[in-house]
Structure formats: C-alpha cells, structure tokens
Amino acid sequence: MRPPSYVGARDVVTDASLLGPFDGQVVDAATSEPVAEATVVAVWSYDRGDGFIGPWGAETTSVTTDATGRYRIPPARLSVRGSTARLVDAYLIVYKRGYAGYRSDAVPTGGPRSDFTVRHNRVELRKWQNSDSHAEHLLFLAPPRPLHKAVRWEAELANLDLFRALGGAGGPVVAVEEEEASKPAAQVVAEVLDASGLLTPDEVRQRTGYTEAFEVKDLTDLKRTNFYHGVHLQAIHSDERHDLALRVWSAPPGGMDPVAATIQETFGKVKPGGDITPETWSTTADGVHAIGFVDRTQKIGVLLTCGDQQCVDLDSALILAKHVYRNLDRLKSVPDPAGTAATPAAPGAAAPPAAPGVPSGAVPGKTAAPSGAGASNPAGVASPKGQGAPTMSPEPGPTTGATGPKGQGASTMSPESGQPAGKGKRP
C-alpha cells in the first residue's frame, strides 16, 4: 500500500491512511447548515505488477449523511487480490441534487484539493447555479457505479450543454426544479432491482469446475420489486442438485433488522459468524448448502443456496458467496419489464407495515411444514430426478415458479404482505 498523497497528510496528527476510515461533516457553503441525505462514495484504486505496472481494479463504499450532515466510511475491505496488487489511491465524492458535487482529490477549477483530511473532514457544498454546466459537472465528478442512479437525471441536461457548445439550437438549458407538493407528480417509470450481475454462469463454472450451460431466470417465489430480486441459475442438462439460487435485498423499506431476524429464523439454531460480514450464516441440509449474510453499512442482505452436485461442500458455497459480496457494486435498477413493480412511497408517507420480503418457514435440521403440497429445501432445489424424498430448508419456497416434473415446492411469502404467494414446481 502506498502512503497517502493527500496534501499535508504527513503533517497532521490525525490518522492519514488510504485504508480509512473516513469521517466528517457536509455543510452548506453559504449558511454552514448541515446537509442531510447527501451521498458520500469512497473509491479505492489498485494496481499490480513488478516491472510493467498497470491498473488492477477498484472497490467502492457508499453512505449517506445523517440529520447533522455527518458521515463515516469504514476501512477498505481490500477485496481486490493479486500477488503484486497494491492499494495506490483513495478519494471521496459527495453528491446531492441541488448542489455542486465535491471530490476530495480535486477542485472543479482544476488542480489538487488542499483542505481534505481523513478524519473530521469538512465538506462545503455550493448551491447549484443556472450558469453551471451539467456536462462539466459530470466530467468533474466522473461518477462511480454507486452514483449512476443519483446522477442519471443530469445526463439529458449535460447532452443539451454539449449540443449548444457545438452550435446546436438547443436553447438555454434550464435545470429541472423539484416539483411543488401541490402539483400532481409526474408519471415515473417503475424500476426493479437487478442482481443478475452479482454471480454469472461463467464465474460459477470457474469456481466449481462445472462444464455445462446454465439458464438464468428470475425466481418467482417472491415478487420482484425495487428492493428485492431472486436469480435462479438453472443447469440445463443436469438435475436440480446442480442448480444455484441467489436472493438479494437492497435497502428494503422496513430496514435491515427484519431481514437479519428472518434470516436468523430461517437458519434455525445456527449462530452468525464472521466469514463475510459480522452477520453471516452457513449451513448444509439434505444435500443443499446455504450461505446468508447481511451488510448493514450497504443495507444489503443476500441468501445464496447451491445444490451439492454444484458445490461439493459448504466451503465451495462460501467461496461463491464471498465473490457475490465483492461484486455488490454491480447491483443496479432497471425498468420493470412487466411495468408492475412496486414504487417507493412518497416522501413523508408512512412506510407500509410489510415484511422485508425474506422467505421464512422450514429451517435446516427441522421437518418443514409447508402449507402446500410437497416439501422445500435450502436452495429451492428439488431432490434428484426419480427421488420423492422431501428435503429440509431454511426457507419455504421453490427457487422459481417454472413448471416441470422435477419436484413441487411449498407456498412462499410475498415481500409486501408476508402472506403465501403461491406454489411452484421446479426450483
């Protein structure tokens, strides 16, 4: 790891390290009032090589400021590995709509920033002005993946800026102001969470040695929403014990406590360990390996389940789960294909008393008591072809609702109401 390149890093008495942690306060530059709900993203960059040195990836962590404008970013996870990999740079980006963005390593006018400190940093955000250029703003920020959704609204205005700069008759670019509460809200395209990039078929084959093809489907035991997505990697030419299921919750409206509590109930008497995060569960039941973890900092919960013909042991499933954890920055939102995704409640509206959408029911080591025909298992993978023996599960549903002769699933819980969502046949 290189020493920090921050201006004055060797002259301050507080910690100065590329690893972090980073903390500070975000305030309005004009009034010094704290700025709440600002997004703060830390980016760590790596290189590798002894003689020929080149970039070797990056990792990010995103938090939001509290009511007093304060933020705290934990130390880097050092998830980028390699025999000669080195952590060579770290910087922060602060963004909130209505303000000009902030970078800890540079100023908008060019040149390095000289007032950044790792601990007790003070970020002064300037109010956005109509004379500011959205194109230059986005070019300065170079938004990392966690900011893509937040800055998406600026893309069209940035394109207009560039069109005018090239002599186009685009007319003056007017910033889109927030709609007044008295005006009817414009129709918003429904979006759903997309977790399919967290673990691809190629990444599974690379780690398990499986050589056949997968078909990537959505799990249908729980409704896909803007905070939940279930992904089913179905082995096309093999039985269900070669399947793999991944369920992901990102910033559920009920918070992370219900997710963690239900996953704990799902795993029965299994106590959480620290294999991935401080709240990580792992178990094997009836030929299926299950790994669950909760990351409260990123507000993400994951349940990965893998048949014993795909993951030869629990350690193999843990390797896949760790890979998923390293890829959490691949999570994104996409337009709802069905156009029926649940949309977030309006600001100030009371949150619905809904469960976080975590499957519940049978637990490993206990006989399941499904409400429908059949039985369930940890991965939502049915028993091998030709076997009708029921399996035990940390969740009561099949991994998909696809029909087929390979088994029957039990009823599952809907993420909105917590009530049975129906039956499926093939996990």
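If you're matching positions, the sequence shown starts at 1 in the UniProt record's numbering and goes up one per residue. Beta carbons are placed, not taken as given, at the ideal position from N, Cα and C, and that holds for glycine.
When we look at the beta-carbon of residue i and count the other beta-carbons within 10 Å, is it buried (16 or more) or exposed?
i	result
Gly-307	buried
Thr-68	exposed
Ser-32	exposed
Thr-84	exposed
Glu-154	buried
Ala-290	buried
residue 434	Nothing about residue 434 can be read from this structure; the chain reaches only from 1 to 427.
Ala-346	Because Ala-346 carries a pLDDT of 43, less than 50, the predicted location of this residue cannot be relied on, and no value is offered for it.
Val-334	exposed
His-120	exposed
Leu-141	buried
Glu-240	buried
Leu-78	exposed
Taking C-beta to C-beta, are residue i and residue j nearer than 7 Å?
i	j	result
Val-231	Leu-246	yes
His-229	Leu-193	yes
Arg-113	Ala-106	yes
Arg-86	Asp-47	yes
Ala-100	His-134	no
Ala-195	Val-151	no
Glu-124	Ala-29	yes
Trp-56	Gly-82	yes
Ser-250	Ile-300	yes
What number of angstroms, rounded off, separates the C-alpha of residue i from the C-alpha of residue j?
i	j	result
Glu-212	Ile-236	8 Å
Leu-18	Ala-338	44 Å
Gln-387	Arg-296	In this predicted model, Gln-387 has a pLDDT of only 36, less than 50, meaning its place in the structure is not dependable; the value taken from the coordinates is given anyway. So the alpha carbons of these two residues sit roughly 40 Å apart.
Ala-349	Pro-252	Because Ala-349 sits at a pLDDT of 45, beneath the cut-off of 50, its placement in the model cannot be relied upon, and the point is left open.
Tyr-325	Ala-165	43 Å
Ser-131	Thr-64	27 Å
Pro-201	Glu-279	26 Å
Val-27	Leu-233	46 Å
Thr-220	Gln-310	22 Å
Leu-92	Gln-298	16 Å
Pro-143	Val-118	20 Å
Tyr-210	Arg-72	42 Å
Ile-53	Ser-45	13 Å
Ala-90	Pro-146	15 Å
Asp-329	Phe-163	32 Å
Under 8 Å by Cβ, that's how I've got residue i and residue j pegged, so tell me the actual separation to the nearest angstrom.
i	j	result
Val-43	Ala-58	6 Å
Ala-285	Leu-304	With 8 Å as the limit, Ala-285 and Leu-304 do not qualify as a contact, their Cβ atoms being about 14 Å apart.
Pro-74	Thr-60	About 12 Å separates the two Cβ atoms, so there is no contact after all.
Ile-263	Val-294	7 Å
Val-94	Ala-36	The pair is not a contact, with the Cβ atoms about 12 Å apart (cut-off 8 Å).
Arg-122	Gln-25	6 Å
Can you tell me which of the three DSSP states residue i falls into?
i	result
Lys-332	strand
Leu-246	strand
Val-294	strand
Lys-149	helix
Asn-121	strand
Pro-272	coil
Asp-161	helix
Ser-62	strand
Ala-36	coil
Thr-305	strand
Tyr-325	helix
Val-80	coil
His-229	strand
residue 435	Not covered by the structure: residue 435. The range shown for the chain is 1 to 427.
Leu-193	strand
Phe-140	helix
Gln-25	strand
Ala-317	helix
Glu-156	helix
Pro-201	helix
Pro-55	strand
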